[in-house]
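Trainee:
There are 2 protein chains.
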Amino acid sequence: MSQKPCIGVNVPRVDAWDKATGTAQYTDDLSLPGMLHGALKRSPLPHARIRAIDTSRARALPGVKAVITSADLPRVRYGNWRFSPNTQDEYALAVDKVRFVGDPVAAVAAVDRDTAIEALDLIQVDFEELPGLFDLDAAMAEGAPRIHEETAGNVSVTREIDYGDLAAGFARADYVRDDVYLMPPVSHAYLEPCSSLAQADSLGRITLWTSTQTPYIVQCLLASVLGLRENEVRVIKPYVGGGFGGKMELRSWDVCAAFLARLLGKPVKFTQTRDEEICAGRRRHPMRLRSRVGFTKDGLLLAKELIVHLDGGAYNSMGPTATFLVGNLGAMLYRYPAYRYRGFHVYTNNPPAGAMRGFGAPQAFFVAEGQMNEASADLGIDPIDIRLKNAMHPGDKIRGFATIGSCAFTECLERVAEMSEWRRQRREMRPGRGIGVGCYSFVTGGNFNWFDTKYPFSAAEVRAYADGAVHLLTMAADIGQGSDTVLQQILAEDLGLRLADVTLYAADTSLSPKGDLGTWASRVTFMVGNAILDATRQIKEELFKVVALKFDTNVVHSFECKDGMVRVKGRPEKAVPFGEAVAMVQSLRRGEPLIARGSYTPRDMGLVAPTYSFGAQVAEVEVDRDTGRVRVTRIHTAHDCGRPLNPQAVEGQVEGCVQMGLGYALTEELVMRQGRTLNASFLDYKIPGALDMPGIDSVCVGGPEPKGPFGAKESGEGPVSPTAPAIAEAVWHATGYRARRLPITAEQVLRHLETNPTANDDRRVKP
Amino acid sequence: MSQKPCIGVNVPRVDAWDKATGTAQYTDDLSLPGMLHGALKRSPLPHARIRAIDTSRARALPGVKAVITSADLPRVRYGNWRFSPNTQDEYALAVDKVRFVGDPVAAVAAVDRDTAIEALDLIQVDFEELPGLFDLDAAMAEGAPRIHEETAGNVSVTREIDYGDLAAGFARADYVRDDVYLMPPVSHAYLEPCSSLAQADSLGRITLWTSTQTPYIVQCLLASVLGLRENEVRVIKPYVGGGFGGKMELRSWDVCAAFLARLLGKPVKFTQTRDEEICAGRRRHPMRLRSRVGFTKDGLLLAKELIVHLDGGAYNSMGPTATFLVGNLGAMLYRYPAYRYRGFHVYTNNPPAGAMRGFGAPQAFFVAEGQMNEASADLGIDPIDIRLKNAMHPGDKIRGFATIGSCAFTECLERVAEMSEWRRQRREMRPGRGIGVGCYSFVTGGNFNWFDTKYPFSAAEVRAYADGAVHLLTMAADIGQGSDTVLQQILAEDLGLRLADVTLYAADTSLSPKGDLGTWASRVTFMVGNAILDATRQIKEELFKVVALKFDTNVVHSFECKDGMVRVKGRPEKAVPFGEAVAMVQSLRRGEPLIARGSYTPRDMGLVAPTYSFGAQVAEVEVDRDTGRVRVTRIHTAHDCGRPLNPQAVEGQVEGCVQMGLGYALTEELVMRQGRTLNASFLDYKIPGALDMPGIDSVCVGGPEPKGPFGAKESGEGPVSPTAPAIAEAVWHATGYRARRLPITAEQVLRHLETNPTANDDRRVKP
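Those sequence lines, one after another, are chains A and B. So the mapping is simple: this note's numbering equals the position in the first sequence, first residue as 1, plus 2. So the mapping is simple: this note's numbering equals the position in the second sequence, first residue as 1, plus 2.
1. Within 10 Å of its beta-carbon, does A/Asp486 have 16 or more other beta-carbons around it, so buried, or fewer, so exposed?
2. In chain order, what residues of the same chain lie with their CB nearer than 8 Å to the CB of A/Pro769, ignoring the 5 residues before and after it?
3. Which class does A/Cys441 belong to by DSSP, given the choice of helix, strand or coil?
4. For chain A, check one thing: does any of its Cβ atoms lie closer than 8 Å to the Cβ of B/Thr273?
5. Would you report the Cα separation of A/Arg500 and A/Gly566, rounded to the nearest angstrom?
6. With 8 Å as the threshold, decide whether the Cβ of B/Gln788 is near any Cβ in chain A.
7. Go through its chain and collect everything with a Cβ distance to B/Phe129's Cβ below 6 Å, but skip five positions before and after it.
8. Classify B/Gly93 as helix, strand or coil using the three-state DSSP reduction.
9. Is A/Tyr218 close to chain B, meaning its C-beta is less than 8 Å from at least one C-beta of that chain?
10. Consider the Cβ of A/Ala259: report whether some Cβ of chain B lies at a distance smaller than 8 Å.
11. Check this for me: beta carbons of A/Ile746 and A/Gly520, under 8 Å apart or not?
12. If you draw a straight line from the alpha carbon of B/Val767 to that of B/Thr23, how long is it in whole angstroms?
13. Would you please state the rounded distance, in angstroms, between the beta carbons of A/Asp387 and A/Ala355? I believe it to be under 8 Å.
14. So with CB distances below 9 Å, who are the chain B contacts of A/Thr505?
15. What whole-angstrom Cβ distance do A/Pro269 and A/Gly36 have, given they're in contact under 8 Å?
16. Answer with buried or exposed for A/Lys99, where buried requires no fewer than 16 other C-beta atoms within 10 angstroms of its C-beta.
17. Taking Cβ positions only, does A/Ser197 come closer than 8 Å to chain B?
18. Does DSSP classify B/Pro769 as helix, strand or coil?
19. In the DSSP assignment, what residue or residues form a beta bridge with B/Phe616?
20. Compare the C-alpha of B/Gly10 against each of B/Arg53, B/Ala468, B/Asp91, B/Asp496 and name the closest.
21. So for B/Gln126, helix, strand or coil by DSSP?
22. Hey, how far is the Cα of B/Phe459 from the Cα of B/Ile238?
23. DSSP on A/Phe368, reduced to helix/strand/coil?
24. Is any beta-carbon of chain A found at less than 8 Å from that of B/Ser601?
25. Listed from N- to C-terminal order along the chain, which residues in the stretch 23-38 of chain A have their beta-carbon within a distance smaller than 9 Å of any beta-carbon of chain B?
26. If we define contact as Cβ-Cβ less than 8 Å, is B/Pro516 a contact residue for chain A?
27. Going along chain A, which residues have a C-beta under 8 Å from B/Lys456?
28. Does B/Ala502 have its Cβ less than 8 Å from a Cβ in chain A?
29. When burial is assigned at 16 or more other CB atoms within 10 Å of the CB, is A/Leu224 buried or exposed?
30. Give a yes or no on whether the C-beta atoms belonging to A/Gln490 and A/Asn12 are separated by under 8 Å.
31. Determine the direct distance from the alpha carbon of B/Pro604 to that of B/Phe367, and round the result to whole angstroms.
32. For A/Glu162 versus A/Arg290, is the C-beta distance shorter than 8 Å?
33. What does A/Asp480 touch in chain B if you count any residue whose Cβ is under 8 Å from its own?
34. For A/Trp211, name the three-state secondary structure that DSSP assigns.
35. Give the residues of chain B in contact with A/Ala471, contact being defined as C-beta atoms less than 8 Å apart.
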């Protein structure tokens, strides 16, 4: 009797029940005997020298157990780019000066949260305010004050990419665009605010439960800050309510919780407020991008020059990666014969930016797609046609960086055109309505080792039991994206089992197999999936041996795990139930259980990623000419994620991306005034809700990626990029308004409409 | 710089800080969101048919979420002797009839504990009372009702041991004793009552936190009862507050917690009351032992016949083992040229007895030592001298059962004689005071596989890290005896590290290496210690390779891990710090971590145990002639535990044994009336407290056991046996009263003194 496959079919999320019933425990749900509650005193000033901190009144408050400042902590700087120690520029609590509004200055531990918060006001910090630098030009200006003493000019990181003959390319161009785009800071807006709970044992070793995407990174960096050995710190990831890149670093509260737990001999928990999350959490990099691009009159790309200044805020965080990725992604998706990139990561006194879903891509593609759309209009070539002319294809190479594996970009474009009835709608839409297209590509996993790990990039341990159950151990961190489900699917499928045969134990740095770099760069399905297959290969080898022995098979035969059996291929009668075969292996080994560790580290796959996703999206909008308000009425999206292992989960990821892209396009922006975030709540910071969502037609396009587990590539990040440029183009189509900054507010559209009330109305009948 | 050794020195317990500060979480300390509280409805009758159970009123009580009876549960019987399924005679909730006062009949889950308890009274059970069988003879009488339908005569297990020519032995004997001893039921009196917390996932798989000595046994049996696969049940042992053999089985509340958690989709916790523990927890087997023993007139043993009837109570529990062990131990300690043993495990309507510290030995040795003391008096040979004549020596064999390895029994006797100034005191003690000796031997680990495991008996996983830390994973269950400490000592010592370099993760059936049979038969230090050494051997092999490579050593050299270094033996300058050597191995393996799994299963070591402890103890008493009250004034004890790995911990174990032996001798007895336990609280059931304890001189004697890890044997169980016979002999020495039953109550002594006021006073000047 053949089993339902576990791969390529819709499988309910394994965490659904726990989350729906409230059984799921997030970090803030945890409690330990004698637990204390922590809170952070944060800087009210964007840039200031700390003359003195008086904690005596706070310490005197009944219920307060300790108040610490940087004077108490080991003076160790940290940052994710461990490979380049000079980029590690952050302390858990500010040393000598504060650099942004929200910079942590002191931490309190008290018997309850209210007392801890009350104590914050009693901490008196004597600040000497320093001039603040809030925009790129001010920060880079000659003679500007240094935000970090060791960084003259406030440019902490630069990146360059050069290939092809740029000058020749532009010289040959019939049409050159040179535009400046401004991209806003936006918030991850994950639903679970960060939380950490630390417990110290009698030797001062730490167990930290924390809301993180990267247990291993937190483990290593926390150890270095506390002067512990890495393996004296255990990090456990409970359920995590979203991360989107904002939870992949060691953070102040992790350090303070652990330090205070050691100091006081009691567990200490810190949980951030939404206000803290929005004002002082990481954010998507605001950027200024100048892009010069040259085409032939037929719309063929010849050269591109991209100069990007990232407002990194007060610390580097993941900025070094952002500075590279935006440039790298600027060269993706289309064939650019010549490319020049210059990226500058600039310190300002704004809150630090970090990694965020699609890292670098939403900015890079808003520019690339915006210019493609503008060129299409100017050259009189349909936006989809001009893309098809320039689209990347399988086997394309970006010298020194990447070789494109599977790539169904062309099919994605053709598919969204068909789904949206593009050609008809583009021509016939009535005034006030518009349709536009945006495209993207994204990395599937990262080949870079900025964390300087000495372990495999990902690992999986598979334990097969005589009862037919298998256990999967991995450090992979499901933060809501569904990787726990898909990893179990991969394991079950490869061993010919059902999903219910698999139990997963994940994301505990002491018990999970080492290593795993965490959840970012859309790496989990691909990399941990491959590690699982490395383990199952070993498991199957052992199982096949005993089956060969049992049936004394002719040596030409091969074997398979299928339908719960281990069997001789093509000889269905020569089969042993999976558990029975495991028992035979165990017997052969005098009781030793059948366990295999697999790992995966990408090698010889270029600088960036083993493979890439591609996709195209069409947005339809309706613009209210009286108010300028843009309403997105429909999204058509085609995504090449290789083989979708769990189509429903892929669809969920794509829809989540559209939601985030929609906010980026129309409503989200952290409004800054002199380093202060003005809209620090979900009332004022508008993420699209369920009622704001358009209908979405979503399809997966393309075939399996040969390097991917069962053919999979990524689906969680790529589709976040096309929505904004597609909407921008649709708005232009509807109104003639060209957005070169985000979000596209009603005010901007209205201002345009006031002077150009019928712009583009005449385009309707033309091609 | 050479490090302090980790072995053979006093090392503070690794759990001391957690326990002293209240950080330690026992099962009942745990809480989960939405957790419900369970309680058991227990039979008020010793033997009755269940006509009907009406749970409607209980179910109607607000706050009650479910009430279950055996009708709800799968009808699966369980018991530890999985190897002999016919011995598995227990259901989680009584089916059709109850067999003892306390037999669980129904279980309630409610929103809080008070409600659950209130609901118990609302459950109406319609019982048809059956005749109860409360003593051995009644139970075995012709025509007695059957307690279990399938067991005619109520004898559920018999055991026989025969060797040597018994008839010839007795024929040659100059002196034959034939005595009947009666041993009482006593309680483990562990401080932590049993508690279980179960959580089910959406597929019905169970995680059970439970107060257990045997996570693996609970896992397997619970799975079988619930119809799950073993590896769909995860058992985690939190801190456990004592077990002493009473927590080594699957129990009703484990099953009910898990079943209700599955049924209700919420976590459910059951915690026993002290009353339940005393009345319906396991207990030490009450036994009737008839022992016939023959000596030459010089005091040389010639033959022994032992017939033991165990009152097993209503179920087998660990009775099959008890029935064997008491007979096996009856042949230990001395050289019996001929031996005949017949053991009968009898069902009665008393509460079931189970395993308890020293399992079978306190009874066997109270008889053997009592008879030895009586023979000594009758034959006019000093009690120590008569023992020396008959003592076992290294290399002695009990045909078919055991070969004695290391054995310092003679030295123990000599040492306690010296410590107690035996010869002088025995002669000169003033009337009303007495001195007596008792001895023992005990198993170190068990070779038997009554649980029918397919895994190694014990396992250890060692993970060595580049930071010089090592992690130890094991399923071994520290229940308060200190094994977590000693296992870390073994690991640190063998890798040349400090104790602080080791972190232990233990006793989680899903994450610990499989397998481990649990904490019983004094097996943990010996068996898991050997498994650790199997793992470290593999670790060292890898480390030595890279050091050989680094120094390109002459092939004749060997290597060692010492003082935190991996080095060439005899070439201190050719050394690499441990962590650095690990990093080299990891580099050699392209990042794969250095991990080894070790295991240990005793093979070719006889039927019973790989090796045995031995010891001798002298008690000094003072008897109040007006009240008959016995006060123990001093205990001298010499113990052969091989090499004591942590002398302070051994001393603690020996003193704990003395405390338990003291209670067995003088104050402890579960007073039974028609199957009811009358003294169900620590007010009425008297365990000796700190103020009741005599001064104890405790020494370890003997050399390392070659098979033991660093030479260790057992220390946690053996010394529980000699205290009672030593005290009994001292009481006889003081008063002439011969106790052939326990406890030795003031009433008994007083009754004796009333008729023999000066008995034995005249013995003072004689030898």
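Cβ coordinates follow ideal geometry from the N, Cα and C atoms, glycine included.
Mentor: Working from what's here:
1. As a working note, residue 486 of chain A is residue 484 in the first sequence. Buried: at least 16 other Cβ atoms inside 10 Å.
2. Along the first sequence, one-based indexing puts residue 769 of chain A at 767. Any answer about A/Pro769 is weak, because its pLDDT of 39 lies below 50 and its placement is not dependable; what the coordinates show is given next. Excluding sequence neighbours, A/Pro769 sits near Gly382, Asp384, Arg429.
3. Stepping through the first sequence from its first residue, residue 441 of chain A is reached at position 439. It is a strand residue.
4. The residue given as residue 273 of chain B occupies position 271 in the second sequence. No, B/Thr273 does not count as interfacial toward chain A.
5. Locating residue 500 of chain A in the first sequence gives position 498, counting from the first residue. Locating residue 566 of chain A in the first sequence gives position 564, counting from the first residue. One C-alpha to the other measures close to 7 Å.
6. One cannot answer for residue 788 of chain B here, as it falls past the ends of chain B, which runs 3 to 769.
7. By 1-based counting over the second sequence, the position of residue 129 of chain B is 127. The answer, listed in chain order, is Leu47, Ala50.
8. As a first step, residue 93 of chain B must be located in the second sequence, where it is residue number 91. First, the residue type needs correcting, since residue 93 of chain B is Tyr and not Gly in the sequence shown. Three-state DSSP puts B/Tyr93 in coil, outside helix and strand.
9. Mapped onto the first sequence, residue 218 of chain A falls at position 216. So no, A/Tyr218 is outside the interface.
10. For the purposes of this step, residue 259 of chain A is identified with residue 257 of the first sequence, where counting begins at 1. No, no contact with chain B.
11. Within the first sequence, numbered from 1, the residue matching residue 746 of chain A stands at position 744. Within the first sequence, numbered from 1, the residue matching residue 520 of chain A stands at position 518. No, the pair does not count as a contact, with Cβ atoms beyond the cut-off.
12. Position 765 of the second sequence, counted from the first residue, corresponds to residue 767 of chain B. Position 21 of the second sequence, counted from the first residue, corresponds to residue 23 of chain B. Because B/Val767 carries a pLDDT of 45, less than 50, the predicted location of this residue cannot be relied on, and no value is offered for it.
13. For this step, residue 387 of chain A is matched to residue 385 along the first sequence. For this step, residue 355 of chain A is matched to residue 353 along the first sequence. The Cβ separation is near 36 Å, so there is no contact.
14. By 1-based counting over the first sequence, the position of residue 505 of chain A is 503. The answer, in chain order, is Asp203, Leu205, Arg207, Asn233, Glu234, Arg236, Ser512.
15. Within the first sequence, the letter at position 267 stands for residue 269 of chain A. Within the first sequence, the letter at position 34 stands for residue 36 of chain A. Contact flag correct, Cβ pair sits at about 7 Å.
16. The residue given as residue 99 of chain A occupies position 97 in the first sequence. Burial call: buried.
17. For the purposes of this step, residue 197 of chain A is identified with residue 195 of the first sequence, where counting begins at 1. Not one chain B Cβ lies under 8 Å of A/Ser197.
18. Position 767 of the second sequence, counted from the first residue, corresponds to residue 769 of chain B. Low confidence applies here, because B/Pro769 scores a pLDDT of 38, under 50, leaving its location unreliable; read the following figure in that light. Coil at B/Pro769, not helix or strand.
19. The count along the second sequence starts at 1 and reaches residue 616 of chain B at position 614. B/Phe616 pairs with B/Ser443, B/Asp642.
20. Counting from one through the second sequence, the residue named residue 10 of chain B turns up at place 8. Nearest option by C-alpha distance: B/Asp496.
21. Taking the second sequence and counting its residues from 1, the one referred to as residue 126 of chain B is at position 124. The answer is strand: DSSP assigns B/Gln126 an E or B state.
22. Stepping through the second sequence from its first residue, residue 459 of chain B is reached at position 457. Stepping through the second sequence from its first residue, residue 238 of chain B is reached at position 236. Roughly 18 Å separates the two Cα atoms.
23. For the purposes of this step, residue 368 of chain A is taken as residue 366 along the first sequence, with counting starting at 1. Helix.
24. As a first step, residue 601 of chain B must be located in the second sequence, where it is residue number 599. By this cut-off, B/Ser601 is an interface position.
25. Thr23, Gly24, Thr25, Ala26, Gln27, Asp31, Ser33, Leu34, Pro35, Gly36
26. Stepping through the second sequence from its first residue, residue 516 of chain B is reached at position 514. Residue identity differs from the one stated: residue 516 of chain B is Lys in this sequence, not Pro. At least one chain A Cβ lies under 8 Å of B/Lys516.
27. The count along the second sequence starts at 1 and reaches residue 456 of chain B at position 454. Within 8 Å Cβ-Cβ: Ala468, Ala585, Gln588, Ser589, Gly593.
28. Along the second sequence, one-based indexing puts residue 502 of chain B at 500. At least one chain A Cβ lies under 8 Å of B/Ala502.
29. By one-based count along the first sequence, residue 224 of chain A stands at place 222. A/Leu224 comes out buried.
30. Position 488 of the first sequence, counting from 1, holds the residue named residue 490 of chain A. Position 10 of the first sequence, counting from 1, holds the residue named residue 12 of chain A. Not in contact: A/Gln490 and A/Asn12 (Cβ atoms no closer than 8 Å).
31. For the purposes of this step, residue 367 of chain B is identified with residue 365 of the second sequence, where counting begins at 1. For the purposes of this step, residue 604 of chain B is identified with residue 602 of the second sequence, where counting begins at 1. One C-alpha to the other measures close to 26 Å.
32. Along the first sequence, read from residue 1 onward, the residue named residue 162 of chain A stands at position 160. Along the first sequence, read from residue 1 onward, the residue named residue 290 of chain A stands at position 288. Result no, Cβ atoms of A/Glu162 and A/Arg290 do not sit closer than 8 Å.
33. Against the first sequence, residue 480 of chain A aligns to sequence position 478. The contacting residues do not exist; A/Asp480 stays about 15 Å from chain B at best.
34. Position 209 of the first sequence, counting from 1, holds the residue named residue 211 of chain A. DSSP places A/Trp211 in strand when its eight states are reduced to three.
35. Numbered from its first residue, the first sequence carries residue 471 of chain A at position 469. Within chain B, the residues near A/Ala471 are Arg231, Glu232, Asn233, Glu234.
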